[in-house]
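Have a look at the structure below, then the notes.
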Amino acid sequence: DAKTTQPPSMDCAEGRAANLPCNHSTISGNEYVYWYRQIHSQGPQYIIHGLKNNETNEMASLIITEDRKSSTLILPHATLRDTAVYYCIVRVPGSQGILIFGKGTKLSVKP
Amino acid sequence: DTAVSQTPKYLVTQMGNDKSIKCEQNLGHDTMYWYKQDSKKFLKIMFSYNNKELIINETVPNRFSPKSPDKAHLNLHINSLELGDSAVYFCASNLGGLDEQFFGPGTRLTVL
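These protein sequence lines map, in sequence, to chains A and B. If you count by the numbering used here, then the first sequence holds residues 424 to 534, one letter each, in order. If you count by the numbering used here, then the second sequence holds residues 33 to 144, one letter each, in order.
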């Protein structure tokens with residue numbers, strides 16, 4: 424079972440920042456937080472991951488709280504093409520790379 | 033220069049038939065995976081495979097079997113298809129462990 428909790432849906436205005444929350448209150452010290460997204464009818468796509476520190480790449484920023492019990496994925500300037508289901512996944516080294524998907528958050532970016 | 037490709041994209045077949053879905057990756061990855069996404073959109077791991085180890089999700093019926101002719105391919109064979117096998121099947125690959133996974137475009141299987 425997924426070890427994360429996400430809101431089922433969110434809306435965001437085009438051009439604004441999209442902030443997607445994720446709770447992972449039972450996360451262990453060696454577990455990473457990963458984010459993937461699935462645009463309609465496509466395969467999931469990796470976005471970003473982190474352990475303790477905040478991370479940023481060309482797609483998004485990941486903010487992890489100091490106690491690591493929650494995190495927020497930030498899309499700084501959402502576009503219509505960012506409409507997708509976003510999955511927050513906790514992963515532990517040695518798990519044979521398996522991804523355990525939860526229900527995710529359906530983000531709708533509106534004009 | 034598609035990274036992870038799957039064929040066919042759509043597959044419609046009758047109950048009881050045996051079918052295969054092919055997956056190829058040109059990324060030089062060591063590990064490949066099969067996931068199933070059902071009608072409720074839940075994505076679940078079916079298999080994880082590299083040249084050393086096959087990890088099977090215990091909930092997967094033994095009618096499903098992965099076959100890897102070489103490191104770049106992991107095909108999914110399904111025997112005696114059932115209505116409940118209707119789903120979208122995604123192949124993925126990575127270097128192993130926590131490395132990011134690259135997913136294929138999916139194969140939509142419909143069993144009539």
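Where is the CB? At the ideal position from N, CA and C, for every residue including glycine. Since this is a predicted model, take the numbers as computed values, not measurements.
In chain D, what lies closer than 9 Å to residue i by C-beta?
| i | result |
| --- | --- |
| A/ARG504 | Within the model displayed, chain D is absent; protein chains A and B are what it includes. |
On the DSSP bridge list, what partners appear for residue i?
| i | result |
| --- | --- |
| B/SER80 | B/TYR65, B/ILE87 |
| A/HIS472 | A/TYR457 |
| A/THR488 | Beta-bridge pairing links A/THR488 to no other residue. |
| A/ASN477 | DSSP, once it has assigned bridges, lists no residue as partnering A/ASN477. |
| A/VAL515 | DSSP lists no partner for A/VAL515. |
| A/LEU498 | A/ALA441 |
| A/LYS529 | A/SER432, A/VAL508 |
Taking C-beta pairs closer than 9 Å, name the residues in chain B that residue i reaches, listed in chain order.
| i | result |
| --- | --- |
| A/GLY452 | What A/GLY452 touches in chain B: nothing, since even the nearest Cβ is about 15 Å away. |
| A/LEU522 | TYR65, TYR67, LEU75, ILE77, ALA124, GLN133 |
Name the chain B residues whose beta carbon is nearer than 8 Å to that of residue i?
| i | result |
| --- | --- |
| A/ARG514 | LEU130 |
Taking C-beta pairs closer than 8 Å, name the residues in chain A that residue i reaches, listed in chain order.
| i | result |
| --- | --- |
| B/ILE4 | Any property of residue 4 of chain B remains undetermined from this structure, which presents chain B solely from 33 to 144. |
Thinking C-alpha only, which one of the options is nearest residue i?
| i | options | result |
| --- | --- | --- |
| B/GLU56 | B/PRO98, B/GLN46, B/SER118, B/LEU141 | B/PRO98 |
| B/PHE21 | B/GLY116, B/ASP102, B/ARG140 | Here chain B covers residues 33 to 144 and nothing more, so residue 21 of chain B does not appear. |
| A/GLN461 | B/PRO137, B/VAL143, B/THR142 | B/PRO137 |
| A/LYS492 | A/LYS475, A/HIS447, A/THR427 | A/HIS447 |
| A/THR449 | A/THR427, A/ASP434, A/GLN465 | A/THR427 |
| A/HIS500 | A/GLN468, A/ASN477, A/CYS435, A/GLY452 | A/CYS435 |
Please compile the residues from chain A whose C-beta is within a distance smaller than 7 Å of the C-beta of residue i.
| i | result |
| --- | --- |
| B/GLY138 | GLY466 |
| B/SER97 | By Cβ distance, chain A contributes nothing, its closest Cβ being about 18 Å from B/SER97, past 7 Å. |
| B/SER80 | GLN519, GLY520, ILE521 |
Output the boundary residues of the beta strand (DSSP E) element that contains residue i.
| i | result |
| --- | --- |
| A/ASP434 | 432-436 |
| B/ALA119 | 119-126 |
| B/PRO98 | 96-99 |
| B/THR139 | 139-143 |
| A/SER464 | Unbroken run through A/SER464: none, as it is neither H nor E. |
| A/SER451 | Here A/SER451 belongs to no beta strand (DSSP E), and DSSP marks it neither H nor E. |
| B/GLU114 | Careful: B/GLU114 lies outside any beta strand (DSSP E) and carries neither H nor E. |
| B/ILE53 | 51-57 |
| B/GLU71 | Strictly speaking, residue 71 of chain B in this sequence is Ser, with Glu absent from that position. B/SER71 -> no beta strand (DSSP E), and no H or E assigned at all. |
Which chain B residues are close to residue i, counting only those with a beta carbon under 7 Å from its beta carbon?
| i | result |
| --- | --- |
| A/TYR455 | LEU130 |
| A/TYR509 | Those within 7 Å of A/TYR509 in chain B number zero; the least Cβ separation is about 13 Å. |
Any chance the region 480-489 of chain A sits against the region 455-466 of chain A, with 3 or more Cβ pairs inside 8 Å?
-> Under the Cβ criterion (8 Å, minimum of three pairs), the region 480-489 of chain A counts as touching the region 455-466 of chain A.
The region 77-97 of chain B contacting the region 59-66 of chain B, beta-carbon criterion three pairs below 8 Å = Judged by pairs of C-beta atoms under 8 Å, the region 77-97 of chain B touches the region 59-66 of chain B, as three or more such pairs exist.
Say whether the region 515-530 of chain A touches the region 117-137 of chain B, bearing in mind that this needs 3 or more beta-carbon pairs closer than 8 Å, one atom from each stretch.
-> Contact between the region 515-530 of chain A and the region 117-137 of chain B is present: 3 or more CB-CB pairs across the two stretches fall below 8 Å.
Is the region 44-58 of chain B touching the region 497-515 of chain A, taking contact as three or more C-beta pairs under 8 Å?
-> Counting C-beta pairs with one atom in each stretch, the region 44-58 of chain B and the region 497-515 of chain A have fewer than three that are closer than 8 Å, which means they do not touch.
Assess, as a yes-or-no matter, whether the region 36-54 of chain B is touched by the region 107-126 of chain B under the definition of 3 or more beta carbon pairs within less than 8 Å.
-> Contact between the region 107-126 of chain B and the region 36-54 of chain B is present, because at least three Cβ pairs lie under 8 Å.
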